[in-house]
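**Student:**
Protein chains: 2
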Amino acid sequence: MANPINELIEHLSRLPGIGERTATRLAFHLMRSNPVFREGLSSAIARLSEVHLCTVCSTVTDRDPCAICTSHVRKHEVICVVEKPSDIYSIERLHSYQGVYHVLHGLLSPLEGIAPGDLRIAQLQKRIQEEAPKEVILALSPTLEGDATSAFLVKQLSAYSFPISRLASGLAIGSNLEFADQITLGKAFEARTRVG
Amino acid sequence: MANPINELIEHLSRLPGIGERTATRLAFHLMRSNPVFREGLSSAIARLSEVHLCTVCSTVTDRDPCAICTSHVRKHEVICVVEKPSDIYSIERLHSYQGVYHVLHGLLSPLEGIAPGDLRIAQLQKRIQEEAPKEVILALSPTLEGDATSAFLVKQLSAYSFPISRLASGLAIGSNLEFADQITLGKAFEARTRVG
Numbered sequence: 003m004a005n006p007i008n009e010l011i012e013h014l015s016r017l018p019g020i021g022e023r024t025a026t027r028l029a030f031h032l033m034r035s036n037p038v039f040r041e042g043l044s045s046a047i048a049r050l051s052e053v054h055l056c057t058v059c060s061t062v063t064d065r066d067p068c069a070i071c072t073s074h075v076r077k078h079e080v081i082c083v084v085e086k087p088s089d090i091y092s093i094e095r096l097h098s099y100q101g102v103y104h105v106l107h108g109l110l111s112p113l114e115g116i117a118p119g120d121l122r123i124a125q126l127q128k129r130i131q132e133e134a135p136k137e138v139i140l141a142l143s144p145t146l147e148g149d150a151t152s153a154f155l156v157k158q159l160s161a162y163s164f165p166i167s168r169l170a171s172g173l174a175i176g177s178n179l180e181f182a183d184q185i186t187l188g189k190a191f192e193a194r195t196r197v198g
Numbered sequence: 003m004a005n006p007i008n009e010l011i012e013h014l015s016r017l018p019g020i021g022e023r024t025a026t027r028l029a030f031h032l033m034r035s036n037p038v039f040r041e042g043l044s045s046a047i048a049r050l051s052e053v054h055l056c057t058v059c060s061t062v063t064d065r066d067p068c069a070i071c072t073s074h075v076r077k078h079e080v081i082c083v084v085e086k087p088s089d090i091y092s093i094e095r096l097h098s099y100q101g102v103y104h105v106l107h108g109l110l111s112p113l114e115g116i117a118p119g120d121l122r123i124a125q126l127q128k129r130i131q132e133e134a135p136k137e138v139i140l141a142l143s144p145t146l147e148g149d150a151t152s153a154f155l156v157k158q159l160s161a162y163s164f165p166i167s168r169l170a171s172g173l174a175i176g177s178n179l180e181f182a183d184q185i186t187l188g189k190a191f192e193a194r195t196r197v198g
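Protein chains in written order, with the working numbering: chain A, 3 to 198; chain B, 3 to 198.
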């Protein structure tokens, strides 16, 4: 077997934003660090294989339903629709949103051939029918695809009387939700505008 | 057990230069990546515990003596002295040095109380006595500690007739060898100046 240091540098340098020199520094940092920390990191990576989708909200989780969907302190009558699981992490870091989530796993894109059937939209509709929420927040990136997906969902849900809102476009247009700073994201959350 | 994603984000964000948002992006990247790649990364981190020091050159290795010390294509009569194992990686990346190495595991520092006995200097002297090299290159950072260590070694080895050189100070003064770009490091290697 290859030298684990070379092996580690080779693997780390294939991660996004990490070049060979950063990978080398990280590898030697890991070698000097506490073995308990290393084992924790190694096992967390190995355990990613246990992760699957929550049958309620479609986020990634190691138990089903996920921690948010089974929480007694969350407001289950407010559903925040996001593109991908990592968007939940961005919003949770605000510590201000108390509702639950629904992950679409993508955005509509005629150019890339992504149609409503490719996203978890049917699951969202079924869930709304069963749970009768009081509010739906569309927290999708203010891009062409995010706008198209939001418009599609507003149309699909037009039969319901609950308010549907989108995040205020305090978010820079054309940018990705994932890279927004917390203040901008927080303001956008507060000033969300009703669209349906 | 905690959710492996949260666990992984928590661990990654404790690595140098990686904040919580970068850790989140890396964690979700790993979750989407090939399970074979993840297993390779996880096992390389776990296998760091198997790494120990080469009894010849004191670098970190999973076999003893290390791959460089046992190589038939390296020039064993040229010894390059470095501060730490990762410096070997910086120099190897040049693909121009053909000799072997000796790792001191630190630099002399009266301020931090690091004396010659704390470094692998005795091992270097013993090795030089036994191997009778034709050249010794001191590839230490051009800092106060690097200069002091080089001066000390030059004095210690003054009884020998082989040339002792230091890397040319094309390296920015006060900087760390680890952060030098390859061209600067390569030029510094070529234009090393004899000091003993």
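Note that beta-carbon positions come from the ideal geometry of N, C-alpha and C, so glycine has one too.
Arg129/B versus chain A: which residues are under 8 Å apart at the beta carbon?
**Tutor:** Here the premise fails: no neighbours, minimum Cβ distance about 22 Å.
**Student:** Would you call the stretch 40-52 of chain B and the stretch 46-61 of chain A in contact, with 3 or more CB pairs under 8 Å?
**Tutor:** Touching, yes, given that three or more Cβ pairs across the two stretches are closer than 8 Å.
**Student:** Could you say which of Ile116/A, Val58/A, Arg95/A and Gln184/A lies nearest to Ile81/A if we only look at CA atoms?
**Tutor:** Ranking Ile116/A, Val58/A, Arg95/A and Gln184/A by Cα distance to Ile81/A puts Val58/A first.
**Student:** Indicate whether Tyr99/B and Val84/B have their beta-carbon atoms separated by less than 7 Å.
**Tutor:** Taking 7 Å as the Cβ cut-off, Tyr99/B and Val84/B do not qualify as a contacting pair.
**Student:** Should Leu109/A and Thr151/A be called a contact, given that it needs their Cβ atoms to be closer than 7 Å?
**Tutor:** A contact, by the Cβ cut-off of 7 Å.
**Student:** Skipping 5 residues on each side, what residues in its chain have a beta carbon closer than 6 Å to that of Ser60/B?
**Tutor:** For Ser60/B, where only same-chain residues beyond five positions count, the Cβ hits under 6 Å are Val105 and Arg122.
**Student:** Could you compute how far the alpha carbon of Gln131/B sits from the alpha carbon of Ser167/B?
**Tutor:** If you take the alpha carbons of Gln131/B and Ser167/B, they lie about 18 Å apart.
**Student:** Which of the residues in the stretch 132-165 of chain A, read from start to end, lie with their CB under 7 Å from any CB of chain B?
**Tutor:** Going along the stretch 132-165 of chain A in chain order, one finds no residue with a Cβ nearer than 7 Å to chain B.
**Student:** Short of 9 Å Cβ to Cβ, which residues in the stretch 40-61 of chain B face chain A?
**Tutor:** Listed in sequence order: Arg40, Glu41, Gly42, Leu43, Ser44, Ser45, Ala46, Ile47, Ala48, Arg49, Leu50, Ser51, Glu52 and Val53.
**Student:** By alpha-carbon positions, which one of Leu169/B, Leu142/B and Leu126/B ends up nearest to Pro135/B?
**Tutor:** Closest option to Pro135/B, Cα to Cα, is Leu126/B.
**Student:** When DSSP builds the beta bridges, which residues end up paired with Thr63/B?
**Tutor:** Bridge partners of Thr63/B: His54/B.
**Student:** How far does the alpha helix (DSSP H) with Glu9/B in it extend, from its first residue to its last?
**Tutor:** Pro6 to Leu14 is the span of the alpha helix (DSSP H), which, as asked, contains Glu9/B.
**Student:** Name the residues in the stretch 81-104 of chain A whose C-beta lies less than 9 Å from a C-beta of chain B; which are they?
**Tutor:** If the cut-off is 9 Å between Cβ atoms, the stretch 81-104 of chain A has Lys86, Pro87, Ser88, Tyr91, Ser92 and Arg95 near chain B.
**Student:** Within the same chain, show all residues whose beta-carbon is closer than 6 Å to that of Leu10/A, passing over the 5 residues directly before and after it, in chain order.
**Tutor:** Excluding positions up to five away in sequence, the list reads Ala29.
**Student:** Could you give the first and the last residue of the continuous alpha helix (DSSP H) run that contains Lys157/A?
**Tutor:** Leu146 to Gln158 is the span of the alpha helix (DSSP H), which, as asked, contains Lys157/A.
**Student:** What do you reckon, are the CB atoms on Gly101/A and Lys77/A nearer than 7 Å?
**Tutor:** Cβ atoms of Gly101/A and Lys77/A: closer than 7 Å.
**Student:** Which residue wins for smallest C-alpha separation from Ala190/B, given the options Ser51/B, Pro67/B and Ile93/B?
**Tutor:** Selected option, being the one with the closest Cα: Ile93/B.
**Student:** Could you give the residue range of the beta strand (DSSP E) that holds Ile81/B?
**Tutor:** Residues Lys77 to Val84.
**Student:** Apart from the five residues just before and just after Leu179/A, which ones in its own chain have a Cβ nearer than 6 Å to its Cβ?
**Tutor:** Within the same chain, Leu179/A has close Cβ partners Asp89 and Ser143.
**Student:** What in chain B is Cβ-close to Leu169/A, meaning under 7 Å?
**Tutor:** Residues of chain B passing the Cβ test: none, with the nearest at roughly 18 Å.
**Student:** Check distances from the C-beta atoms of the stretch 110-128 of chain A to those of chain B and list, in chain order, the residues that come in under 8 Å.
**Tutor:** So nothing in the stretch comes that close.
**Student:** Which runs of the beta strand (DSSP E) fall wholly inside the stretch 77-131 of chain B and span at least 3 residues, in chain order?
**Tutor:** Fully enclosed beta strand (DSSP E) runs of 3 or longer: 77-84 and 101-105.
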